[in-house]
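Numbering (this note's numbering), first residue to last: 71 to 359.
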């Protein structure tokens with residue numbers, strides 16, 4: 071069934087456009103193609119054949135502002151973000167060549183925006199414009215309060231177990247902590263949902279992941295007496311802003327989305343969207359400094 075849904079979505083947006091487009095072209099077509107990550111609750115996921123999530127709701131706002139229909143381009147993650155942007159925005163998918171008009175959940179970070187290709191010296195991301203920061207995200211650790219009531223040092227995992235998604239930043243950080251001191255108690259998972267299931271069932275004592283995702287998947291809002299959430303992961307840079315990406319050829323669309331998100335931030339619409347998914351909203355660092 072999942073495969074059929076993906077094929078249906080693919081067929082729909084493939085029939086519409088093979089190119090990222092200007093605002094005028096989008097309005098003329100009556101539809102906007104919005105790239106979001108697949109199977110990534112609470113941000114973007116399919117439930118009973120319906121697209122849901124925080125980024126889906128924000129995408130709907132973008133579509134409504136242009137008086138067009140949103141077409142969801144669910145995409146997986148490649149080896150790095152530069153590959154994701156190439157596949158979804160400026161070059162298109164290798165198979166069907168379709169390009170999205172806008173993509174959500176892109177790091178809004180000056181150092182990232184200025185990254186250069188080591189072999190050519192050229193900007194890696196000059197083909198896209200990244201604007202509209204709408205959320206601050208961070209890596210944290212969730213624990214079972216009965217076993218680990220709080221975290222003062224990662225050294226506690228020399229005695230307690232913690233789950234991580236393989237090859238993600240928390241995995242790399244925890245595995246190298248104190249020259250591998252806690253490595254024997256790190257449980258690696260290919261699928262983050264499997265780690266969540268083991269954590270909720272008590273098979274592991276803690277789990278490291280994205281704050282918003284952990285809050286949603288363990289229903290932290292209704293289980294604060296059961297779980298503890300750390301403010302961050304000790305000794306690890308773990309907070310950054312997320313924004314939207316548009317082809318650099320269509321900066322008018324990028325500026326339009328930036329203004330829309332700014333208004334939605336100021337009137338608390340974005341905060342309400344996050345809260346509707348049981349997630350505490352963290353305002354973008356770029357909007358609070």
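Positions of the beta carbon are idealized from the N, C-alpha and C atoms, including for glycine.
Residues in its own chain within less than 7 Å of residue i by CB, not counting five upstream and five downstream?
{"i": "residue 241", "result": "234, 235, 258"}
{"i": "residue 341", "result": "351"}
{"i": "residue 303", "result": "209, 210, 211, 240, 243, 278"}
{"i": "residue 101", "result": "86, 138, 139, 141"}
{"i": "residue 109", "result": "115"}
{"i": "residue 300", "result": "210, 211, 221"}
{"i": "residue 260", "result": "236"}
{"i": "residue 270", "result": "288"}
{"i": "residue 148", "result": "154, 157"}
Just to confirm, is the Cβ distance from residue i to residue j under 9 Å?
{"i": "residue 256", "j": "residue 231", "result": "yes"}
{"i": "residue 312", "j": "residue 143", "result": "no"}
{"i": "residue 354", "j": "residue 205", "result": "yes"}
{"i": "residue 91", "j": "residue 320", "result": "yes"}
{"i": "residue 158", "j": "residue 170", "result": "yes"}
{"i": "residue 93", "j": "residue 128", "result": "no"}
{"i": "residue 318", "j": "residue 197", "result": "yes"}
{"i": "residue 113", "j": "residue 124", "result": "yes"}
{"i": "residue 215", "j": "residue 298", "result": "yes"}
{"i": "residue 305", "j": "residue 247", "result": "yes"}
{"i": "residue 345", "j": "residue 131", "result": "no"}
{"i": "residue 207", "j": "residue 359", "result": "no"}
{"i": "residue 252", "j": "residue 225", "result": "yes"}
{"i": "residue 126", "j": "residue 168", "result": "no"}
Roughly how far, in whole angstroms, is the beta-carbon of residue i from the beta-carbon of residue j, given that I think they are within contact range, below 8 Å?
{"i": "residue 348", "j": "residue 289", "result": "6 Å"}
{"i": "residue 200", "j": "residue 334", "result": "Residue 200 to residue 334, Cβ: 18 Å. No contact."}
{"i": "residue 202", "j": "residue 327", "result": "5 Å"}
{"i": "residue 12", "j": "residue 264", "result": "With the chain covering only 71 through 359, there is no way to say anything about residue 12."}
Enumerate in chain order the residues of its own chain whose CB-to-CB distance from residue i is below 6 Å, with the five nearest sequence positions on each side excluded.
{"i": "residue 145", "result": "105, 158"}
{"i": "residue 262", "result": "235"}
{"i": "residue 284", "result": "212"}
{"i": "residue 331", "result": "202, 204"}
Under a three-way DSSP split, which group does residue i fall into?
{"i": "residue 244", "result": "helix"}
{"i": "residue 329", "result": "helix"}
{"i": "residue 324", "result": "helix"}
{"i": "residue 249", "result": "helix"}
{"i": "residue 293", "result": "coil"}
{"i": "residue 129", "result": "helix"}
{"i": "residue 77", "result": "For residue 77, the predicted model reports a pLDDT of 39, less than 50, meaning its position is unreliable and no value from the coordinates is stated."}
{"i": "residue 308", "result": "coil"}
{"i": "residue 233", "result": "strand"}
{"i": "residue 279", "result": "strand"}
{"i": "residue 174", "result": "strand"}
{"i": "residue 205", "result": "strand"}
{"i": "residue 254", "result": "helix"}
{"i": "residue 110", "result": "strand"}
{"i": "residue 139", "result": "strand"}
{"i": "residue 214", "result": "strand"}
{"i": "residue 345", "result": "helix"}
{"i": "residue 101", "result": "strand"}
{"i": "residue 121", "result": "strand"}
{"i": "residue 351", "result": "coil"}
{"i": "residue 314", "result": "strand"}
{"i": "residue 200", "result": "strand"}
{"i": "residue 358", "result": "helix"}
Sorted by chain position, which residues of the same chain lie with C-beta nearer than 8 Å to residue i's C-beta, five sequence neighbours on each side aside?
{"i": "residue 118", "result": "none"}
{"i": "residue 295", "result": "215"}
{"i": "residue 155", "result": "173, 176, 195, 197, 198, 315"}
{"i": "residue 292", "result": "348"}
{"i": "residue 337", "result": "none"}
{"i": "residue 356", "result": "178, 203, 311"}
{"i": "residue 229", "result": "255"}
{"i": "residue 322", "result": "92, 93"}
Hey, is residue i's beta-carbon within less than 9 Å of any beta-carbon in chain D?
{"i": "residue 178", "result": "The structure shown has no chain D; it contains just one protein chain."}
**Asked** Between the stretch 260-280 and the stretch 199-219, do three or more beta carbon pairs fall short of 8 Å?
**Response** Verdict: yes, contact present.
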